[in-house]
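Comments concern the structure below.
Number of protein chains: 2
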Amino acid sequence: MFKFEIRQKCEKSAARLGTVYTDHGKIETPGFIFCATKANIKGLTIDKVKEAGTQIILSNTYHLMLQPGSEIIKEAGGLHQFMGWDGPMFTDSGGFQIFSLGYGSIDAEIKGAQLLKGKKTMLALSEAGAKFRSYIDGKIVMLTPELSMRIQHDLGADIVVSFDECTPYHVNKLYTANSMEKSKRWALRSLNELKRIGDGSQALLVVIQGGIYPDLRMESARFANEGDFQGFAIGGCLGKTKSEMYDIVNLTSEMLDKTKYVHLLGIGGIEDIFNGVKCGIDTFDCVTPTRIARHGAAIVKKRELRDNTMKNYMNLNNALFKNDFKPISSSCQCYTCLNFSRAYIHHLLKAKEILSGSLISIHNIYTLNKLMSEIRNSLKTDSLATVYKEWCER
Amino acid sequence: MFKFEIRQKCEKSAARLGTVYTDHGKIETPGFIFCATKANIKGLTIDKVKEAGTQIILSNTYHLMLQPGSEIIKEAGGLHQFMGWDGPMFTDSGGFQIFSLGYGSIDAEIKGAQLLKGKKTMLALSEAGAKFRSYIDGKIVMLTPELSMRIQHDLGADIVVSFDECTPYHVNKLYTANSMEKSKRWALRSLNELKRIGDGSQALLVVIQGGIYPDLRMESARFANEGDFQGFAIGGCLGKTKSEMYDIVNLTSEMLDKTKYVHLLGIGGIEDIFNGVKCGIDTFDCVTPTRIARHGAAIVKKRELRDNTMKNYMNLNNALFKNDFKPISSSCQCYTCLNFSRAYIHHLLKAKEILSGSLISIHNIYTLNKLMSEIRNSLKTDSLATVYKEWCER
Chain D
1 MFKFEIRQKC EKSAARLGTV YTDHGKIETP GFIFCATKAN IKGLTIDKVK
51 EAGTQIILSN TYHLMLQPGS EIIKEAGGLH QFMGWDGPMF TDSGGFQIFS
101 LGYGSIDAEI KGAQLLKGKK TMLALSEAGA KFRSYIDGKI VMLTPELSMR
151 IQHDLGADIV VSFDECTPYH VNKLYTANSM EKSKRWALRS LNELKRIGDG
201 SQALLVVIQG GIYPDLRMES ARFANEGDFQ GFAIGGCLGK TKSEMYDIVN
251 LTSEMLDKTK YVHLLGIGGI EDIFNGVKCG IDTFDCVTPT RIARHGAAIV
301 KKRELRDNTM KNYMNLNNAL FKNDFKPISS SCQCYTCLNF SRAYIHHLLK
351 AKEILSGSLI SIHNIYTLNK LMSEIRNSLK TDSLATVYKE WCER
Chain C
395 MFKFEIRQKC EKSAARLGTV YTDHGKIETP GFIFCATKAN IKGLTIDKVK
445 EAGTQIILSN TYHLMLQPGS EIIKEAGGLH QFMGWDGPMF TDSGGFQIFS
495 LGYGSIDAEI KGAQLLKGKK TMLALSEAGA KFRSYIDGKI VMLTPELSMR
545 IQHDLGADIV VSFDECTPYH VNKLYTANSM EKSKRWALRS LNELKRIGDG
595 SQALLVVIQG GIYPDLRMES ARFANEGDFQ GFAIGGCLGK TKSEMYDIVN
645 LTSEMLDKTK YVHLLGIGGI EDIFNGVKCG IDTFDCVTPT RIARHGAAIV
695 KKRELRDNTM KNYMNLNNAL FKNDFKPISS SCQCYTCLNF SRAYIHHLLK
745 AKEILSGSLI SIHNIYTLNK LMSEIRNSLK TDSLATVYKE WCER
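Which chain is which? The protein sequence lines are D and C, in order. One point on numbering: in my numbering, the residue at position 363 of the first sequence is 363, and numbering is uninterrupted. Heads up, my numbering is the position in the second sequence plus 394, with the first residue counted as 1.
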């Protein structure tokens with residue numbers, strides 16, 4: 001059964017140390033949730049994901065409902081059994097992908113980038129739900145709050161999310177307000193359906209919408225605080241710039257009933273994590289650690305970089321690493337750093353060997369988990385700033 | 395230091411049980427050598443290769459001399475250190491790839507298929523060596539017996555191979571004879587160079603050429619038997635059909651000094667292995683187990699198949715497996731079979747997730763190692779036929 005316990009609150013900020021209990025084990029918070037989009041973390045056997053210190057993973061309802069279909073996963077005994085993961089698991093509602101893929105780009109739209117031209121799969125949006133075309137076989141699918149809950153129930157994750165319209169950036173305040181109101185109604189339908197079909201073992205998070213408008217975020221939060229949800233997931237458009245995003249996350253988080261668990265959807269840059277933790281965010285999820293790995297980028301402390309960029313990742317494609325026989329990070333205890341050099345990974349990247357992505361993914365997952373563990377430790381003595389300095393200053 | 399010991403000879407055939415000792419451990423024979431072409435087994439962390447019971451791996455001189463270059467690997471402390479493999483290792487001479495890729499196809503040409511149109515990288519063949527164009531950067535490279543040995547010395551494998559011309563199929567007997575004679579001269583140059591630069595820790599195998607002509611194979615074997623080589627590698631064109639191949643392998647093997655170690659280059663189908671073992675072949679290598687894995691084919695006993703093909707592999711792309719929650723093989727103890735179902739792997743294949751190839755590769759490697767172990771056990775009681783029946787009859 002889901003339970004969230006706050007173990008310690010900080011003095012200097014809204015940060016808190018907590019523990020989430022689920023039927024598949026606990027999650028120490030602040031924590032990071034890794035994306036196993038299509039029932040696997042790309043290129044990694046699941047034991048390596050676990051060995052890298054992973055507490056919880058996230059799979060996507062949208063992808064899994066289309067391939068292999070939730071009925072197959074249910075027949076397999078649920079997603080845990082199907083993919084061989086015995087720890088805590090999270091599924092999203094499918095809303096984000098329908099709307100973001102539907103408008104022709106994965107997440108450019110929600111982040112306010114120019115509307116990309118691409119194959120648009122979103123067909124119609126109504127009070128009932130969202131109609132879209134399957135990218136697998138072109139079949140038309142109608143996803144409703146009830147169906148999203150039934151699918152998430154079949155998948156059997158420990159933490160599930162209410163179905164919402166993921167409001168885009170380019171729309172005006174009126175659209176955002178109406179969309180947020182619809183998401184409220186959908187959240188109630190989600191709650192009712194899960195109560196009807198579930199046994200109470202799955203925790204339901206309600207998504208907070210309202211775009212970049214404080215009053216709309218406030219209304220979304222008010223509704224969420226009053227409902228019978230086990231926690232919150234801050235979603236939707238958070239603005240175009242980092243500073244806009246930090247402002248929205250901060251003010252939204254402040255409005256929430258902070259005795260409950262708070263997840264921030266789809267955000268997971270190193271600096272973003274520090275900001276989120278200070279706002280009282282308990283968990284983060286993001287595809288970045290494993291996606292950038294497949295392109296050759298390893299997450300490191302800025303002072304470990306060999307070039308003068310201000311990023312938190314080392315681009316191992318760089319010819320600098322051709323004969324650099326040190327591990328990615330000398331202090332790192334991950335499988336990759338204990339066994340392989342930058343030169344070896346550079347070679348694998350040049351030779352287009354997919355093992356490069358697997359090895360860097362292991363490092364990135366381990367590193368994110370290590371970062372979260374250092375953050376948790378620092379919160380015990382209210383010294384988050386020290387960890388920030390260690391990771392983000394040169 | 396390399397040593398080969400025959401522990402038991404069979405009565406019913408030329409099969410024998412043996413042990414190869416190297417500075418990085420021993421290999422029980424008959425054994426299988428897995429292809430880590432570009433210093434990795436595609437999509438697998440090296441610990442998974444080891445866990446699957448692998449005794450020895452093979453890397454390719456041709457690929458590694460072009461990327462990353464043998465000097466980088468030497469600087470890393472050798473290939474063992476570079477790629478994190480601490481067991482026995484084999485490298486080929488580069489000859490096979492120069493000639494097979496050079497004539498416009500990977501191995502179609504050597505197997506007698508029609509000459510494929512493609513980018514031909516082979517530029518000139520002379521007594522000195524072979525000149526070809528790098529597929530990486532277009533640079534012209536001249537590979538000689540001496541250079542091949544220097545590269546293989548830098549790589550530092552336990553077993554290395556003399557540089558030879560891998561005679562194609564479409565040529566006539568005169569060409570094959572001249573080519574075989576040239577390979578003899580190149581073998582002597584290889585031997586001399588390795589003696590000059592080496593410390594005797596690397597075993598040199600001489601390649602037996604002569605195509606499909608018994609008298610030429612005889613001459614190649616006579617030369618090889620008289621030389622100061624630690625063993626033999628049967629190479630070149632073995633004919634167009636399975637039965638032609640078995641004949642050539644059989645007669646070539648018979649001609650060799652069978653107190654020494656015999657490797658069969660590039661052959662590794664299940665039936666081929668049984669045939670080879672009966673001819674006294676000690677080790678096999680082939681890309682098949684991992685290559686077919688990436689296309690969804692899992693090696694199984696024929697009686698485990700769900701369709702009525704006569705092959706030794708299960709095509710997990712087949713819709714049959716959509717909701718088949720059994721492991722690939724119920725009796726298999728590999729990581730994949732202990733943790734995942736056919737349905738899960740089928741899903742990964744449909745979702746184009748590269749983890750499918752990794753999971754099937756683990757199974758295929760484990761299965762080949764298991765087969766070799768069963769073959770070795772059967773040789774103790776001269777009951778190879780029983781194992782053959784178990785694997786190849788329905």
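Glycine is no exception: its CB is placed at the ideal position from the N, C-alpha and C atoms.
Practice prompt. Give me the Cβ distance between ALA789/C and ILE722/C, rounded to the nearest whole Å; I'm assuming they're in contact under 8 Å.
Written response: For chain C, the structure presents residues 395 to 788; residue 789/C sits outside this window and is missing.
Worksheet item: Given that a residue counts as buried once 16 or more other Cβ atoms are within 10 Å of its Cβ, and exposed if not, what is GLY629/C?
Response: The residue you call residue 629/C lines up with position 235 of the second sequence. That one is buried.
Worksheet item: My guess is that THR416/C and PRO482/C are in contact by the Cβ rule of under 8 Å, so how many angstroms apart are they, rounded?
Response: As a first step, residue 416/C must be located in the second sequence, where it is residue number 22. As a first step, residue 482/C must be located in the second sequence, where it is residue number 88. That belief holds up - the Cβ atoms of THR416/C and PRO482/C are roughly 5 Å apart, short of 8 Å.
Discussion item. Under 7 Å, Cβ to Cβ, is there at least one residue of chain C near PHE34/D?
Written reply: Here residue 34/D corresponds to residue number 34 of the first sequence, with the count starting at 1. Answer no: the Cβ-Cβ gap between PHE34/D and chain C never drops below 7 Å.
Practice prompt. Grab the span of the beta strand (DSSP E) containing ASP285/D for me, first residue to last.
Written response: Within the first sequence, the letter at position 285 stands for residue 285/D. Looking at the DSSP string, the run of the beta strand (DSSP E) that includes ASP285/D is 283-286.
Worksheet item: Between the segment 154-164 of chain D and the segment 69-83 of chain D, do three or more beta carbon pairs fall short of 8 Å?
Response: yes
Discussion item. Just checking SER577/C against the ligand FMN - is the residue's beta carbon closer than 6 Å to any of the ligand's heavy atoms?
Written reply: As presented, the structure is devoid of all ligands, the ligand FMN included, so that no description of it is given.
Fill in: Residue environment, ALA745/C, which counts as buried when at least 16 other CB atoms sit within 10 Å
Residue mapping note: residue 745/C aligns to position 351 of the second sequence, counting from 1. Burial call: buried.
Practice prompt. Return no unless some Cβ of chain D is closer than 7 Å to the Cβ of GLN461/C.
Written response: Stepping through the second sequence from its first residue, residue 461/C is reached at position 67. The beta carbon of GLN461/C falls within 7 Å of a beta carbon belonging to chain D, placing the residue at that interface.
Fill in: Helix, strand or coil at MET766/C according to DSSP, with G and I counted as helix
Counting from one through the second sequence, the residue named residue 766/C turns up at place 372. Here MET766/C sits in helix by DSSP.
Discussion item. Counting only beta-carbon separations shorter than 7 Å, does PHE321/D have a partner in chain C?
Written reply: The sequence position of residue 321/D within the first sequence is 321, counting from 1. No - not a single Cβ of chain C is within 7 Å of the one on PHE321/D.
Worksheet item: If we ignore side chains and look at the alpha-carbon of each, how far apart do HIS741/C and ILE754/C end up?
Response: Numbered from 1 along the second sequence, position 347 holds the residue referred to as residue 741/C. Numbered from 1 along the second sequence, position 360 holds the residue referred to as residue 754/C. If you draw a straight line from the Cα of HIS741/C to the Cα of ILE754/C, it comes to about 13 Å.
Worksheet item: How would you write the range of the alpha helix (DSSP H) that LYS3/D sits in, first residue to last?
Response: Along the first sequence, one-based indexing puts residue 3/D at 3. Not the alpha helix (DSSP H): LYS3/D falls in the beta strand (DSSP E), residues 3-9.
Worksheet item: Residues bridged to HIS263/D by DSSP?
Response: What you label residue 263/D is simply residue 263 of the first sequence in a count that begins at 1. According to DSSP, which records beta bridges pairwise, HIS263/D is partnered with ALA233/D, THR283/D.
Practice prompt. Would you check if there are 3 or more beta carbon pairs closer than 8 Å linking the segment 375-385 of chain D to the segment 300-317 of chain D?
Written response: no
Worksheet entry | Endpoints, the alpha helix (DSSP H) within which GLY412/C is located | Within the second sequence, numbered from 1, the residue matching residue 412/C stands at position 18. Segment 410-416 is the beta strand (DSSP E) holding GLY412/C; no alpha helix (DSSP H) there.
Practice prompt. Measure the C-alpha to C-alpha separation of VAL49/D and ILE41/D and round it to an integer number of angstroms.
Written response: Position 49 of the first sequence, counted from the start, is the residue given in the question as residue 49/D. Position 41 of the first sequence, counted from the start, is the residue given in the question as residue 41/D. Using only the alpha carbons, I get a separation of about 8 Å.
Discussion item. If you reduce the DSSP assignment to three classes, tell me which class LEU541/C lands in.
Written reply: The sequence position of residue 541/C within the second sequence is 147, counting from 1. LEU541/C falls in the helix class under three-state DSSP.
Fill in: Chain-ordered neighbours of LYS38/D on chain C, where CB pairs are closer than 7 Å
The count along the first sequence starts at 1 and reaches residue 38/D at position 38. Correct list: ALA745, GLU747.
Worksheet item: Can you list, in chain order, the residues of its chain whose CB lies under 8 Å from that of TYR213/D, leaving out five sequence neighbours each side?
Response: Locating residue 213/D in the first sequence gives position 213, counting from the first residue. The residues are LYS173, THR176, ALA177.
Discussion item. Under 7 Å, CB to CB, which of the residues in the segment 66-97 of chain D have a partner in chain C?
Written reply: GLN67, PRO68, ILE72, GLU75, ALA76, PHE82, MET83, GLY84
Discussion item. Please report the straight-line C-alpha distance between TYR135/D and ALA319/D, rounded to a whole angstrom.
Written reply: To locate residue 135/D, count along the first sequence from 1; it is residue 135. To locate residue 319/D, count along the first sequence from 1; it is residue 319. Whole-angstrom Cα-Cα distance: 38 Å.
Worksheet entry | Same chain, Cβ closer than 7 Å to PHE223/D, five either side skipped, listed in chain order | Residue numbering aside, residue 223/D sits at position 223 when the first sequence is read from its first letter. The answer, listed in chain order, is LYS184.
Fill in: ALA687/C, DSSP secondary structure in three states
As a first step, residue 687/C must be located in the second sequence, where it is residue number 293. Looking at ALA687/C - three-state DSSP - the assignment turns out to be helix.
Discussion item. If the criterion is Cβ atoms closer than 7 Å, does the pair PHE163/D and GLY95/D meet it?
Written reply: As a first step, residue 163/D must be located in the first sequence, where it is residue number 163. As a first step, residue 95/D must be located in the first sequence, where it is residue number 95. Taking 7 Å as the Cβ cut-off, PHE163/D and GLY95/D qualify as a contacting pair.
Discussion item. Whole angstroms are fine: how far does the CA of SER93/D sit from the CA of ASN60/D?
Written reply: Indexing the first sequence from 1 puts residue 60/D at position 60. Indexing the first sequence from 1 puts residue 93/D at position 93. If I take the Cα positions, the gap works out to 8 Å.
Item to complete: Starting from ARG185/D, follow the alpha helix (DSSP H) in both directions and report where the run begins and ends.
Response: In the first sequence, counting from the first residue as 1, residue 185/D sits at position 185. Residues 173-197.
Item to complete: May I ask which residues mark the beginning and end of the beta strand (DSSP E) holding CYS35/D?
Response: Taking the first residue of the first sequence as position 1, residue 35/D is located at position 35. For CYS35/D, the uninterrupted beta strand (DSSP E) run begins and ends at 31-35, by DSSP.
Discussion item. Out of GLY211/D, MET83/D, GLY231/D, GLN97/D, which one is the CA nearest neighbour of LEU256/D?
Written reply: Your numbering for residue 256/D matches position 256 in the first sequence. Closest option to LEU256/D, Cα to Cα, is GLY231/D.
Worksheet item: Just checking my contact of ARG736/C with LEU710/C at CB under 8 Å: how many whole Å lie between their CB atoms?
Response: For the purposes of this step, residue 736/C is taken as the residue at position 342 of the second sequence. For the purposes of this step, residue 710/C is taken as the residue at position 316 of the second sequence. That belief holds up - the Cβ atoms of ARG736/C and LEU710/C are roughly 6 Å apart, short of 8 Å.
Discussion item. GLY18/D and ILE33/D - do their beta-carbons sit closer together than 7 Å?
Written reply: The residue you call residue 33/D lines up with position 33 of the first sequence. The residue you call residue 18/D lines up with position 18 of the first sequence. Not closer than 7 Å, so no.
Practice prompt. Identify the contact partners of ALA343/D in chain C, using a Cβ-Cβ distance below 7 Å as the criterion.
Written response: Walking along the first sequence from the start, residue 343/D turns up at place 343. By Cβ distance, chain C contributes ILE466, ALA470.
Worksheet item: What are the boundary residues of the beta strand (DSSP E) that LEU517/C is part of?
Response: Mapped onto the second sequence, residue 517/C falls at position 123. Counting along the chain, the beta strand (DSSP E) containing LEU517/C begins and ends at 516-519.
Worksheet item: Which partner residues of ARG133/D appear in the DSSP bridge assignment?
Response: The residue labelled residue 133/D in the question sits at position 133 within the first sequence. Answer is ILE140/D, bridged to ARG133/D.
Discussion item. Considering only the alpha carbon of each residue, which of ILE354/D, HIS295/D, GLY280/D lies closest to LYS12/D?
Written reply: As a first step, residue 12/D is located in the first sequence; it is residue number 12 there, counting from the start. Of the listed residues, the one whose Cα sits closest to LYS12/D is GLY280/D.
Worksheet item: In angstroms, rounded to a whole number, what distance separates the CA positions of GLU638/C and ILE661/C?
Response: Start at 1 with the first residue of the second sequence, and residue 638/C comes out as number 244. Start at 1 with the first residue of the second sequence, and residue 661/C comes out as number 267. The straight-line gap from Cα to Cα measures roughly 14 Å.
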